[in-house]
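Here this note's numbering runs 91 ahead of the position in the sequence shown, where the first position is 1. No residue lacks a Cβ here, since even glycine has one placed at the ideal position from N, Cα and C. Note that this is a predicted model, so its numbers are computed, not measured. I have placed the structure first, in the form of structure tokens, so that the comments after it can refer back to it.
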Amino acid sequence: GCERDGVNFELRHVERTKLEEAVVEANDDNSVHGIIVYYPVFGGPIDDYIRDVISIKKDVEGLNHRYRYSLYHNIRTLDNFGNRKCVLPCTPLAILKILEHLGAYDRAREVGNQLAEKVAVVF
Numbered sequence: 092g093c094e095r096d097g098v099n100f101e102l103r104h105v106e107r108t109k110l111e112e113a114v115v116e117a118n119d120d121n122s123v124h125g126i127i128v129y130y131p132v133f134g135g136p137i138d139d140y141i142r143d144v145i146s147i148k149k150d151v152e153g154l155n156h157r158y159r160y161s162l163y164h165n166i167r168t169l170d171n172f173g174n175r176k177c178v179l180p181c182t183p184l185a186i187l188k189i190l191e192h193l194g195a196y197d198r199a200r201e202v203g204n205q206l207a208e209k210v211a212v213v214f
């Protein structure tokens with residue numbers, strides 16, 4: 092798919108103990124425009140840390156803390172980054188859009204209460 096659509100990519104195999112260093116190098120490399128890490132690497136808090144090491148300017152999955160915070164607080168642009176549009180994690184955003192379409196998610200309620208008194212069942 093990438094070649095067909097003219098997207099260049101590099102698949103970098105890195106020992107997991109060297110991942111942080113590799114991400115920092117990619118953050119500083121002007122020829123790298125986006126970073127994706129295939130998770131889980133370590134599992135748990137270490138993976139959370141690796142997500143946050145990825146530069147907000149290169150996080151194409153929207154998994155770093157600033158983007159996750161923005162999703163939960165319904166923030167769509169980052170003022171301190173020149174009104175940069177937020178990259179929002181696609182699965183939670185899709186779920187949110189579906190719930191809105193179904194009338195279950197109420198944007199008129201304060202943040203954290205948009206789904207109050209609603210029941211979702213997951214199998």
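Residue from the options whose Cα sits closest to the Cα of residue i
| i | options | result |
| --- | --- | --- |
| ARG107 | ASP138, ASN99, SER146 and PRO180 | ASP138 |
| LEU110 | GLY97, VAL132 and VAL98 | VAL132 |
| VAL178 | TYR163, CYS93, VAL213 and ARG198 | TYR163 |
| PHE38 | LYS149, ALA117 and CYS181 | Residue 38 lies beyond the residue range present for the chain, which begins at 92 and ends at 214; the question has no answer from this structure. |
| LYS176 | ALA195, GLU191 and ILE147 | ILE147 |
| ILE126 | VAL115, PRO136 and LEU184 | VAL115 |
| PRO136 | LEU206, HIS156 and TYR196 | HIS156 |
Where the alpha helix (DSSP H) containing residue i begins and where it ends
| i | result |
| --- | --- |
| LYS112 | At residue 112 the sequence reads Glu, which differs from the Lys that was named. Here the alpha helix (DSSP H) through GLU112 covers 110-119. |
| LEU162 | 156-163 |
| ARG142 | 136-144 |
| LEU217 | For residue 217 there is no data in the structure shown, the boundaries of the chain being 92 and 214. |
Own chain, CB closer than 7 angstroms to residue i, minus 5 neighbours either side, in chain order
| i | result |
| --- | --- |
| ASN204 | none |
Neighbourhood of residue i by C-beta, 8 angstroms cutoff - its chain only, sequence neighbours within 5 removed
| i | result |
| --- | --- |
| GLN202 | According to the sequence provided, residue 202 is Val. The question's Gln does not apply to it. The residues are TYR163, HIS164 and ASN165. |
| ARG159 | GLY153 and PRO180 |
Distance between beta carbons of residue j and residue i, contact taken as under 8 angstroms
| i | j | result |
| --- | --- | --- |
| ASN174 | ILE145 | That belief does not hold up - the Cβ atoms of ASN174 and ILE145 are roughly 21 angstroms apart, past 8 angstroms. |
Residues of its chain near residue i, where Cβ-Cβ distance is below 6 angstroms and the 5 sequence neighbours each way are ignored
| i | result |
| --- | --- |
| GLU208 | none |
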